[in-house]
Amino acid sequence: MTDLSQQLLLVLARDGTVTSHQFASTLGQDHQRVVGAIKSLQSLGNVSSYACVRGCGGKADNREIMGVHGRRQCPSQPGFPRGRLFSSLGKEGLLLADIKANMPNSNFALGAAMRNKWVMKDGEKVIPAVSDIKDEVQLHLQAVTRGDADTLPEKVKADYKKRKLIKEIEKTVFDVSKGSEFTTSVVKQEAELTKEMIESGQWKNANFKPYNFKSKGRVELRSGHLHPLMQLRAEFRQIFLEMGFTEMPTNNYVESAFWNFDALFQPQQHPARDAQDTFYVADPETCLEVPEDYLERVRKTHTEGGYGSIGYQYPWSRAEADKNLLRTHTTAVSARMLHKLAQDGFKPAKYFSIDRVYRNETLDATHLAEFHQVEGVVADHDFSLKNLMGVIGNFFKKIGMTDIRFKPTYNPYTEPSMEIYSYHKGLKKWVEIGNSGLFRPEMLRPMGLPESVKVCGYGLSLERPAMIMYGINSIRELVGPRVKMELILDNPVCTIDK
Numbered sequence: 063m064t065d066l067s068q069q070l071l072l073v074l075a076r077d078g079t080v081t082s083h084q085f086a087s088t089l090g091q092d093h094q095r096v097v098g099a100i101k102s103l104q105s106l107g108n109v110s111s112y113a114c115v116r117g118c119g120g121k122a123d124n125r126e127i128m129g130v131h132g133r134r135q136c137p138s139q140p141g142f143p144r145g146r147l148f149s150s151l152g153k154e155g156l157l158l159a160d161i162k163a164n165m166p167n168s169n170f171a172l173g174a175a176m177r178n179k180w181v182m183k184d185g186e187k188v189i190p191a192v193s194d195i196k197d198e199v200q201l202h203l204q205a206v207t208r209g210d211a212d213t214l215p216e217k218v219k220a221d222y223k224k225r226k227l228i229k230e231i232e233k234t235v236f237d238v239s240k241g242s243e244f245t246t247s248v249v250k251q252e253a254e255l256t257k258e259m260i261e262s263g264q265w266k267n268a269n270f271k272p273y274n275f276k277s278k279g280r281v282e283l284r285s286g287h288l289h290p291l292m293q294l295r296a297e298f299r300q301i302f303l304e305m306g307f308t309e310m311p312t313n314n315y316v317e318s319a320f321w322n323f324d325a326l327f328q329p330q331q332h333p334a335r336d337a338q339d340t341f342y343v344a345d346p347e348t349c350l351e352v353p354e355d356y357l358e359r360v361r362k363t364h365t366e367g368g369y370g371s372i373g374y375q376y377p378w379s380r381a382e383a384d385k386n387l388l389r390t391h392t393t394a395v396s397a398r399m400l401h402k403l404a405q406d407g408f409k410p411a412k413y414f415s416i417d418r419v420y421r422n423e424t425l426d427a428t429h430l431a432e433f434h435q436v437e438g439v440v441a442d443h444d445f446s447l448k449n450l451m452g453v454i455g456n457f458f459k460k461i462g463m464t465d466i467r468f469k470p471t472y473n474p475y476t477e478p479s480m481e482i483y484s485y486h487k488g489l490k491k492w493v494e495i496g497n498s499g500l501f502r503p504e505m506l507r508p509m510g511l512p513e514s515v516k517v518c519g520y521g522l523s524l525e526r527p528a529m530i531m532y533g534i535n536s537i538r539e540l541v542g543p544r545v546k547m548e549l550i551l552d553n554p555v556c557t558i559d560k
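The sequence shown: position 460 = 522 (this note's numbering), numbered continuously.
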């Protein structure tokens, strides 16, 4: 413990209370050093303190908190220029010409000294008029420096403030009293756990100083940072939840061709199912099980048709449907959820998912082999294409993308189908960011959904909207080794102090 802390405890033991300003003035100590000692004792429970801002005429222990103005000094003798002039005269005095030549501010000093009747002119000389002087201004400023500004008359203080000799200082003063664990004898707190403490066992009886987690320290600690994709993913997820969607489980990265293609009424000869477009899994090569009754209805729809369709009229292969692959879209997850919705008894539902998908594509400025797909699915009675466009438009409006276009397209499992485009200012062209449509009856009816139920779905990548929102021209600057750290450091994680 410092001597200052010990002295403070002794004063409290004697008087019960004291202000930090009063204690600092009595000992002639810097106020901030006293505050440091108070804080240290307060952390131990020895003292309690109440802080109040004093200044602008405020009082602290009946003292006005004032200080000598920054551009003034309060020196010891010989004091101000007039005092230095008097001291330099001696008994015989000095020639006026010598005073003006050797003394800065001589005219000011001479005028002030003559007004106070300390000196007088005697021909070409300036001689002392009194044997000794009392420089009241100097004494007053020394009193202010000691913290005794309350001894000055109010008119004098007002005059000094007007002349900018003194100024009022706003200062936080602490009223200090005994704490719940007050004692004049305090055990030293250890600031760190050392190797020697551990080896000797001294740490068991040591009194450690508690951590101050609110202190900023010399180096500002950084929180974690989110990659722009993760930031955008969190924003998309929040938007879906605000729109009343339920998140789907997306942990099936390895999926069977049945759920990924066949359940969506996508023919087994479709080019998307070629090895040039899809990553097939070598081990295990096939899936474990598929609902047999549902599989049979899907097979029949492919080969013979139904529900107003003639199907594809081809020999459907069970072996092809059992192949394992890295899912090419999260619509496979949607198919599983819709099948479960039908089996549990249909109720209108809205689902969404945001997760990774995989396609065997050539890498370029806008394509990756592994990317994120955002998918939304709405199942309700008599849902229309107009309703779908409204849902999509509302979704993108919430993320600040208002330049949206729809273009008719073909999908094996949706009819009608639409591609979604947004304008990229950097590339100066419309970029496809997603696909959408109403699921075909050939996909929905084998699941067991009622005929009146319509299901719309829309999917988009996470990367392309991120490129548009962050003004990135190449996807390789968003994902991979070419990502700039500044892009990530601009997305700090928000922390909350409890």
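In this text, a Cβ means the ideal position worked out from N, Cα and C, and glycines have one as well.
Proximity to residue i [Cα-Cα], best of the options
i: Y472; options: H332, L255, W180 and K162; result: H332
i: L227; options: K487, A205 and F244; result: A205
i: N67; options: T246, A381 and F170; result: First, the residue type needs correcting, since residue 67 is Ser and not Asn in the sequence shown. Taking only the C-alpha atoms, the option nearest S67 is T246.
i: H83; options: N164, L147, V238 and N167; result: V238
i: S523; options: V436, E254, K459 and K546; result: V436
i: Q264; options: D417, G452, Q251 and G542; result: Q251
i: P143; options: S536, L106 and N164; result: N164
i: S371; options: W180, E504 and F341; result: E504
i: V541; options: V316, E513, M292 and R380; result: M292
i: R76; options: K240, K217 and E548; result: K240
i: E347; options: K101, P470, Y374 and E382; result: E382
i: T353; options: D345, N313 and A325; result: Residue identity differs from the one stated: residue 353 is Pro in this sequence, not Thr. If we check each option's Cα against that of P353, A325 comes out closest.
i: F236; options: G98, I301 and I161; result: G98
i: G306; options: K448, G438 and A159; result: G438
i: C349; options: R418, K409, N314 and T363; result: N314
i: F445; options: Y420, R421, A411 and I416; result: A411
i: K448; options: S87, R538, S479 and D221; result: S479
Local Cβ density within 10 Å of residue i, reported as buried at 16 or more and exposed below that
i: H434; result: buried
i: Q200; result: buried
i: S242; result: exposed
i: L70; result: buried
i: I497; result: Note that residue 497 is Asn in the sequence shown, not Ile. Buried, because 16 or more other Cβ atoms sit within 10 Å of the Cβ of N497.
i: Y273; result: exposed
i: N167; result: exposed
i: I482; result: buried
i: T81; result: buried
i: A253; result: exposed
i: F298; result: buried
i: P137; result: Residue confidence is low: P137 scores 38 on pLDDT, short of 50, so the model does not pin down where it sits. Its coordinate-derived value is still stated next. P137 comes out exposed.
i: A122; result: The pLDDT assigned to A122 is 37, lower than 50, so where the model puts this residue is not dependable; a value taken from the coordinates is nonetheless given after this. Buried is the call here.
i: T424; result: exposed
i: L72; result: exposed
i: N386; result: buried
i: N322; result: buried
i: L511; result: buried
i: Y376; result: exposed
Rounded distance between the beta-carbons of residue j and residue i, thought under 8 Å
i: P474; j: Q328; result: 4 Å
i: Q517; j: L506; result: For the sequence presented, residue 517 should be read as Val rather than Gln. So it is a contact: roughly 6 Å between Cβ atoms.
i: E24; j: G499; result: With the chain covering only 63 through 560, there is no way to say anything about residue 24.
i: L551; j: H287; result: 6 Å
i: A441; j: V515; result: 6 Å
i: L157; j: K187; result: 6 Å
i: V395; j: M310; result: 5 Å
i: F302; j: F414; result: 4 Å
i: R359; j: P508; result: 4 Å
Continuous beta strand (DSSP E) stretch holding residue i: start and end
i: S239; result: K233 to K240
i: G578; result: Summary: the structure shown does not reach residue 578, with the chain confined to residues 63 through 560, and so no result is reported for it.
i: G519; result: V515 to S523
i: M480; result: T476 to H486
i: N169; result: Premise fails: N169 lies in the alpha helix (DSSP H), S168 to R177, not in any beta strand (DSSP E).
i: W492; result: K491 to F501
i: T79; result: T79 to T81
i: R467; result: I466 to N473
i: S318; result: V316 to S318
One or two residues paired with residue i in a DSSP bridge
i: D184; result: K187
i: Q435; result: D417 and S523
i: P554; result: H287
i: H429; result: D426
i: A334; result: In the DSSP output, where bridge partners are listed per residue, A334 has none listed.
Where the alpha helix (DSSP H) containing residue i begins and where it ends
i: L388; result: No alpha helix (DSSP H) contains L388, which is instead part of the beta strand (DSSP E) from N386 to L388.
i: Q300; result: P290 to E304
i: E230; result: First-last for E230: I228 to E230, but that is the beta strand (DSSP E), not the alpha helix (DSSP H).
i: R398; result: T393 to Q405
i: S536; result: No alpha helix (DSSP H) contains S536, which DSSP labels as neither H nor E.
i: K153; result: From DSSP, K153 is part of no alpha helix (DSSP H); its letter is neither H nor E.
i: Q264; result: Per DSSP, Q264 belongs to no alpha helix (DSSP H) and is neither H nor E.
Any non-hydrogen atom of the ligand COA within 7 Å of residue i CB
i: V419; result: Of the ligands one can find in the structure shown there are none, so the ligand COA has no counterpart to examine.
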